[in-house]
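Working notes, beginning with the structure itself.
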Amino acid sequence: MPSRSGFSLPSTRGRLLVAAPPLTDPNFDRTVVFMLDHNEGGALGLVINRPSEDLDIEIDAWMHLLSPAGQFFSGGPVDANALIGLGLVPTTTPDGQVIESVECIEPVDLDEDPTTMSTPPTKVRIFHGYAGWGPQQLDGELEMGAWIVLSAQASDVFTNDP
């Protein structure tokens with residue numbers, strides 16, 4: 000996608016953004032963001048290293064899958080009332096090997112009962128709020144060095160030690 004300088008920047012979808020010193024927004028101080036989408040229309044991600052207080056929500060069907068157990072996360076400063084669930088849905092190769100990669104991370108419908116899903120997730124993380132950027136906004140921050148972009152692993156998103 001073209002950046003403000005006219006050069007094309009690769010999408011950060013499925014990668015991690017680590018806040019760097021040029022980023023002065025206190026909402027993102029020392030954060031790690033897992034990117035869900037990044038295109039010419041903007042970008043969307045979830046802060047994965049900010050555990051949150053218990054939320055007053057009814058999601059009993061999902062509680063046993065939370066990783067770490069019983070923990071919720073503040074996903075970012077945008078729409079703190081929005082709940083977003085990410086699930087780890089491992090795939091199995093023809094030879095029986097179980098794969099848990101970034102490609103196995105999927106949004107989950109928190110209104111659905113996980114026991115009725117054809118392939119339920121093995122782990123779930125629930126976020127309130129998210130990180131959002133308008134068109135070209137994240138590209139500008141990347142160009143000024145405000146974020147360090149790293150490859151992600153599923154274990155980064157679902158670690159018990161955020």
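Each residue of the sequence shown is one higher than the one before, counting from 0 in numbering that gives the first Met the number 0.
Built from N, CA and C at the ideal position, the CB exists for glycine as well.
Asked                                                                                            : Found
Any 3 or more C-beta pairs closer than 8 Å across the region 90 to 103 and the region 139 to 154 : yes
Inter-residue Cα distance where the pair is G131 and P50                                         : 19 Å
Span of the beta strand (DSSP E) around L141                                                     : Element bounds for L141: not the beta strand (DSSP E) but the alpha helix (DSSP H), Q136 to E142.
Cβ-based neighbour list, A19, same chain, cut-off 8 Å, excluding 5 preceding and 5 following     : G144, A145, W146 and I147
Where T30 falls, given that 16 or more other Cβ within 10 Å makes a residue buried               : buried
Buried/exposed call for A79, threshold 16 Cβ in 10 Å                                             : exposed
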